[in-house]
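Asks: This note's numbering puts the first residue of the sequence shown at 11, with every later residue one more than the last.
Quick one: this structure, given as structure tokens, is what I'll be asking you about.
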Amino acid sequence: MDFSNFFSKKDSNEFGLDSLLDWICSLSGEVTCFERIPARSADYRGFAGLDSRIADALNDSGIGSLYSHQSRAVSLAMSGRDTVIVTPTASGKTMCYNLPVAESILKNPASRALYLFPTKALAQDQMAELARFSMLLGTEIRAYTYDGDTPQQKRTEARDKGSVIITNPDMLNSGILPHHTSWAEFFKNLNYIVVDELHTYRGVFGSHTANLFSRLKRVCDFYGASPVFICCSATIANPAEHAEQLTGRNPTLVAENGAPSSEKTFMIYNPPVVDKQSGVRRSSLFEVSRIASKALLNGISAIVFTRSRINVELLLKMIRREIVKGGGDPSIVSGYRGGYLPSERREIEHGLRTRKILGVVSTNALELGIDIGSLELAILHGYPGSVASAWQQIGRAGRRGRMSASVMVPSALAMDQFLAAKPEWFLGAPAELARIDQYNPYIQVGHIKCSAFELPFRSGEKFAGRDIDDILEYLSEHRVLQRADCGGSDISYHWQAASYPAGEISMRSATCDVYTITDITDERKPRIIGNMDRASAPSMIYPNAVYFHAGESYIVESLNQENLQCLVRKSAVDYYTEAASTARVEVTEEFENRAPFGWGEVILSSAPYMYTKIRISNHERLGHGEISLPEEQMTTTACWIEIPDEICSSNELKTAMDGLQNLLKNAVPLFLMCDRDDIQVHGFLKDPFLKRPAIFVADNIAGGVGLAEGTYEMGEKLLRSCFDITDSCQCENGCPACVGLTSEVIDAKKTVKRLISLLIRQ
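Here it is, written out as structure tokens:
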């Protein structure tokens with residue numbers, strides 16, 4: 011396909027963004043999508059009745075009017091309406107809450123606001139933004155960050171003097187609400203609660219946050235405050251519903267974007283097929299490292315997004331190697347992911363803003379609006395798992411009004427190859443639903459304990475909109491709460507346990523267990539280099555596993571499951587490791603069924619039993635090793651699909667089930683806002699509960715957060731998407747990009763399509 015007409019010719023000595031796109035089109039892979047997204051002009055409105063001092067300050071800074079969505083959001087907030095603003099990346103959502111907050115402080119210096127961001131980095135950015143705006147206004151807006159990095163002296167100052175407290179849900183949970191009596195003046199005068207990056211509050215994190223907000227509202231009610239919620243989000247399918255579930259309020263939706271945008275190019279480049287018979291393509295890791303190093307060596311700033319921690323480290327290693335080969339400085343590119351220490355992340359963010367670092371390889375940690383300067387190119391290593399995430403990542407390039415480009419390089423995963431074959435599906439696809447389950451018992455009971463520590467409960471009092479008398483009685487029977495008769499039928503429940511309940515809650519997981527990873531290369535000076543949640547650990551940091559950090563490789567020497575300690579030693583190896591696990595699913599309760607689907611509570615048992623060494627350069631399998639770790643059990647929810655009789659006695663049964671499992675693992679994230687690792691998919695040739703072959707899609711989180719329920723609700727729609735993915739694949743008999751590994755004996759593609767057709771007909 012010839013795309014030469016798309017490019018504006020420049021001086022032949024200059025290798026710019028268009029030259030890079032031209033070069034990608036000349037490679038041996040296939041460009042399946044080349045979309046020019048035109049620039050968009052702004053839609054302006056007035057200053058929404060803001061104080062003249064604010065309007066004058068905006069005019070002095072060159073802002074003569076607000077974008078339409080800003081004007082409407084500001085007007086709603088100032089009239090006391092809860093609001094959720096949903097517009098694209100870099101559309102000026104910050105002003106939607108900073109302006110009404112500034113207005114309230116100008117009118118009443120005692121007015122207070124609470125800003126919540128999912129990460130500390132975003133809080134630091136907002137602190138700098140408020141400082142700039144305060145200088146512009148000529149009136150001091152006393153803003154303070156209040157998180158785990160805030161020194162004790164500053165914490166006292168923030169609590170006593172802060173007009174705006176900028177924090178995160180973790181600190182609100184453990185450092186503010188349990189000590190609300192020290193914050194009495196703040197809560198009494200609290201007028202606004204700002205919740206930015208609302209779309210990130212999904213799954214287990216969102217389920218925790220919904221309960222946290224119920225605690226927050228109880229404290230506000232106690233002090234006679236009824237603050238307005240201002241929520242901002244990237245595009246999701248259910249923003250108003252999601253905001254209502256999180257906050258317990260009924261917000262007004264503002265979704266008409268009035269911000270301008272610069273021209274952007276979006277390309278899908280599929281790696282070339284290296285084995286026509288099997289349909290295997292060249293490694294997407296290799297192709298991404300080629301494109302990224304070419305861009306960086308020519309001074310084009312770039313961000314590379316990939317789905318996993320290990321891919322961040324593998325890509326970083328490969329890109330640095332290519333830069334060295336090209337005569338460049340490998341330090342111009344850095345990694346960025348969860349598990350890096352906070353000081354490392356701040357240093358990387360600063361390096362990107364100052365252009366000391368020209369490129370970064372990241373997980374979705376940098377999807378959010380952290381200020382990392384102006385980037386020209388975003389490279390997506392595979393589909394990130396949701397339409398919303400993909401557009402967030404694409405939006406990280408060109409944030410300062412300059413022309414930009416984004417290139418998606420599909421991996422061998424089925425959903426990636428489906429999007430490569432049908433790019434129109436991605437370009438026209440609606441955003442996914444954000445799902446939470448605020449009533450997850452593992453999560454909610456912990457927050458009820460925290461709320462009782464903060465303020466006694468009365469019988470009949472609701473929490474998160476539901477009656478909780480049974481839970482309160484249970485906690486009193488187990489001497490966590492003290493039950494007191496207040497006369498008549500009035501009963502109160504007071505905290506009496508010796509423990510501090512907020513310290514037992516981890517907002518990012520259903521449990522609070524986290525492994526500390528310590529480098530013992532120099533045994534005299536051991537140093538902590540990272541951490542990992544307990545749920546991820548068995549498949550990542552077993553003994554002899556390769557652990558990557560900041561481009562360096564380490565071998566895991568030992569894992570102490572009792573003390574949650576992992577010891578690693580630096581080792582220059584040319585391979586990485588992957589774990590294989592066994593799994594059992596026991597259905598304990600069926601909630602609903604609608605043939606061939608069912609949904610209910612299950613006990614999921616799993617244990618890693620083997621690891622494979624895989625060479626980094628060519629993915630050659632170098633050998634295996636045993637993993638000896640105990641089985642872990644988790645009570646969660648699952649959707650199951652019963653296999654029809656017509657295929658149960660067939661010798662094609664296992665092939666059909668394996669293929670559908672592979673498709674489901676890839677298709678579910680196309681519809682639910684989740685990562686592949688948020689679900690587990692297992693098939694059993696005879697399930698003890700169902701007494702027949704079945705495939706289970708389970709929440710990979712204790713108690714579940716609605717993903718299994720969402721799978722059950724989608725039902726036939728999900729199966730039809732699996733059929734479409736298989737049908738659109740260009741292979742003949744099945745391949746890793748659709749139904750997974752195949753045998754020469756059975757036409758796997760035909761067999762899986764037959765199974766899906768039988769399921770849809772039921």
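Idealized CB from N, CA, C, for every residue including glycine.
Note that the structure is predicted; figures quoted are calculated from it, not measured.
1. Closest by CA to Ile501, which one among Trp33, Gln492 and Ala508?
2. Rounded to the nearest angstrom, what separates Leu326 and Val371 at their Cα positions?
3. Would Ala474 and Ile735 be called neighbours here (beta carbons separated by less than 8 Å)?
4. Are Gln671 and Gly289 closer than 8 Å when you measure CB to CB?
5. For Ile95 and Leu208, what's the separation of their Cα atoms in angstroms?
6. Please tell me whether Trp193 and Arg228 are closer than 8 Å, where the distance is taken between their beta carbons.
7. Check the C-beta distance from Ile240 over to Val204 and give it rounded, since I have them as a contact under 8 Å.
8. Can you tell me which residues form a DSSP beta bridge with Leu663?
9. Indicate the three-state DSSP secondary structure (helix, strand or coil) for Gly608 in the structure shown.
10. Specify the secondary structure class of His209 as computed by DSSP and reduced to three states.
11. Once the 5 residues before and after Leu769 are set aside, which same chain residues still bring their CB inside 6 Å of it?
12. Quick check: the region 330 to 337 against the region 270 to 289, are at least 3 beta-carbon pairs closer than 8 Å?
13. Count the other CB atoms, across all protein chains shown, that sit within 10 Å of the CB of Phe706; report buried if there are 16 or more and exposed otherwise.
14. Have a look at Ser184 and Tyr154 and give me their C-alpha separation to the nearest angstrom.
15. Kindly provide the ranges of any alpha helix (DSSP H) runs that are 4 or more residues long and lie completely inside the region 432 to 501, ordered along the chain.
16. DSSP three-state label for Glu686, please.
17. Short of 8 Å in beta carbon distance, which residues of its chain neighbour Cys658, apart from the five on each side in sequence? Order them along the chain.
18. Can you name the start and end residues of the alpha helix (DSSP H) that Asn69 belongs to?
19. Could you pull the DSSP bridge partners for Tyr154 from this structure?
20. For the beta strand (DSSP E) holding Gln575, just list the boundary residues, first then last.
21. For Thr531 versus Lys580, is the C-beta distance shorter than 8 Å?
22. Look at Ala431 and Ser738 and say whether their C-beta atoms are less than 8 Å apart.
23. Where does Met88 fall in DSSP's three states?
24. DSSP three-state label for Thr245, please.
25. From Gln575, Ala617, Val583 and Glu602, pick the residue whose C-alpha is nearest to that of Val595; which is it?
26. I'd like to know whether the C-beta atoms of Gly268 and Ser78 end up nearer to each other than 8 Å.
27. Determine the contact status of Ala462 and Val397, defining contact as a CB-CB distance below 8 Å.
28. Between the region 402 to 418 and the region 347 to 365, are three or more C-beta pairs nearer than 8 Å?
29. How close, in whole Å, do the beta carbons of Gln136 and Phe127 come, if the pair is a contact with beta carbons under 8 Å?
30. Does the beta-carbon of Ile538 have 16 or more other beta-carbons within 10 angstroms, so that it is buried, or is it exposed?
31. CA-CA distance, Ile481 and Glu471?
32. Please confirm whether Pro433 and Cys43 have their CB atoms less than 8 Å apart.
33. Which first and last residues belong to the alpha helix (DSSP H) in which Met724 is found?
34. Going by the beta-carbon positions, is the gap between Phe196 and Cys230 smaller than 8 Å?
35. Give me the DSSP bridge partner(s) of Gln403.
36. For Leu124, count neighbouring Cβ atoms within 10 angstroms of its own Cβ and tell me buried if that reaches 16, exposed if not.
Replies: Result, derived from the coordinates:
1. Gln492
2. 6 Å
3. Cβ atoms of Ala474 and Ile735: not closer than 8 Å.
4. no
5. 9 Å
6. no
7. 5 Å
8. Looking at the DSSP output, Leu663 shares a beta bridge with no other residue.
9. Three-state DSSP puts Gly608 in a strand.
10. helix
11. Pro606 and Leu729
12. When C-beta atoms of the region 270 to 289 are compared with those of the region 330 to 337, fewer than three pairs fall below 8 Å, so the two segments do not count as touching.
13. buried
14. 18 Å
15. Fully enclosed alpha helix (DSSP H) runs of 4 or longer: 433 to 438, 451 to 464 and 479 to 487.
16. Reading off the sequence shown, one finds Arg at residue 686, where the question assumed Glu. Helix at Arg686.
17. Arg702 and Pro703
18. Ser62 to Asp70
19. Bridge partners of Tyr154: Ile175.
20. Gln575 to Lys580
21. yes
22. yes
23. helix
24. coil
25. Ala617
26. Yes; because the gap between Cβ atoms is below 8 Å, this pair is in contact.
27. No.
28. no
29. 7 Å
30. By the 10 Å Cβ count, Ile538 comes out exposed.
31. 12 Å
32. yes
33. Leu717 to Met724
34. Contact flag unset, no.
35. Note: Gln403 sits in no beta bridge, so no partner.
36. Residue environment for Leu124: buried (at least 16 other C-beta atoms within 10 angstroms of its C-beta).
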